[in-house]
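Everything on this sheet refers to the single structure shown next.
In UniProt numbering, the protein residues as written are 1 to 341.
Next up, the structure:
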């Protein structure tokens with residue numbers, strides 16, 4: 001299976017959606033009420049949240065990195081807040097990109113830590129205080145947590161994938177939505193349509209009717225990857241592996257074989273051995289995502305890592321001034337919050 005999300009979530013609704021509709025209705029009621037009634041602690045710094053409407057990958061982490069880089073250009077000192085998928089720390093922990101493993105802090109925090117301090121904890125208020133008091137951060141970027149975080153969000157940028165949209169439009173467990181769109185739009189400051197495709201058009205129109213600004217961006221390889229003319233066995237354990245395979249092709253590489261794995265997948269020795277043997281037998285190189293490489297960094301055999309190429313990507317906004325606008329509006333919202341006390 002290519003993702004932890006059931007494939008029918010991304011297909012036209014069928015009998016399975018109908019059978020699960022009572023559970024979806026209950027989940028929707030609880031999730032919407034939770035968002036409306038949540039007590040959110042106000043933090044002594046601007047908080048920008050990068051979220052999504054659905055379960056699964058929409059490219060939030062590269063967006064968070066791009067906005068952190070913009071914040072630094074504006075003479076701010078950003079810090080990231082992350083729950084850390086699969087993380088093991090009970091207390092707030094600032095990620096050490098060189099020594100922490102993905103099993104301890106999660107894969108995405110390791111990528112974020114290359115750009116700014118990252119506090120990993122389900123208690124984002126405690127993580128925020130740690131970044132402010134111990135690391136001198138003055139601008140906080142929360143990677144995910146749009147629906148569940150218990151801190152005040154000054155600006156919520158929701159990312160929607162143009163190819164996959166919101167799937168079948170149903171709430172968990174009948175579909176990928178974390179709550180009804182109408183409930184989530186109330187807390188949305190801006191919508192970022194990521195990539196090319198028409199699957200997100202309906203939710204984009206709904207956001208526009210709600211007077212939410214719509215931005216567009218895409219991902220592209222970071223720097224010169226040197227993939228042109230090379231043939232690969234490409235593997236990825238991300239939300240939508242096909243997006244990665246397409247990016248390899250766009251960078252000039254040929255995907256001769258592909259191996260999709262579930263999102264956040266930790267590779268066993270037998271899986272790595274099979275990948276290496278197949279690539280060797282077919283005369284192919286091995287290539288994966290930066291997120292997968294973060295999981296492989298501690299534990300994979302050195303000879304495997306030595307053969308592995310990593311395709312790093314970056315977010316490119318269609319209009320150059322959009323990142324600055326998002327940072328500015330976050331700062332403005334924070335100042336208004338401070339004035340109100």
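The beta-carbon is built from N, C-alpha and C at its ideal position, and this holds for glycine as well.
The beta carbon of residue 323 sits closer than 7 Å to those of 66, 67, 70 and 317, all from its chain and outside the five residues before and after it, given in chain order.
About 6 Å separates the Cβ atoms of residue 54 and residue 166, confirming a contact at the 8 Å cut-off. In the structure shown, residue 312 adopts coil according to DSSP, grouped into three states.
Here residue 232 is near residue 279, since their CB atoms are less than 9 Å apart.
A residue is called buried when at least 16 other Cβ atoms come within 10 angstroms of its Cβ; residue 96 does not meet this threshold and is exposed. The Cβ atoms of residue 237 and residue 261 sit closer than 9 Å to each other. Between residue 186 and residue 178, the CB-CB gap reaches or exceeds 9 Å. Residue 143: member of the beta strand (DSSP E) spanning 139 to 143, first to last residue. By the C-beta criterion, the segment 137 to 149 is judged to be in contact with the segment 56 to 65, since at least 3 inter-stretch pairs fall below 8 Å. For the segment 13 to 88, the continuous alpha helix (DSSP H) assignments of 4+ residues that do not extend past its boundaries occur at 15 to 37 and 60 to 73, in sequence order. The three-state reading of DSSP puts residue 320 in coil, since its state is none of H, G, I, E or B. Ranked by Cα distance from residue 218, the options 298, 226 and 246 are led by 246.
Bounds of any beta strand (DSSP E) do not take in residue 199, whose DSSP letter is neither H nor E. Judged by pairs of C-beta atoms under 8 Å, the segment 192 to 204 does not touch the segment 22 to 41, as fewer than three such pairs exist.
Between residue 265 and residue 103, the C-beta spacing is not below 9 Å.
Residue 234 is bridged by DSSP to 258 and 287.
Per the C-alpha coordinates, the member of 182, 251, 306 and 250 positioned closest to residue 272 is 306. Annotation note: the segment 159 to 214 contains the following uninterrupted beta strand (DSSP E) runs of length 3 or greater, listed N- to C-terminal: 190 to 194. In this structure, DSSP gives residue 104 a helical state, which the three-state scheme calls helix. Per DSSP, residue 116 is not a residue of any alpha helix (DSSP H), being assigned neither H nor E.
Straight-line measurement puts the Cα of residue 301 at about 12 Å from the Cα of residue 270.
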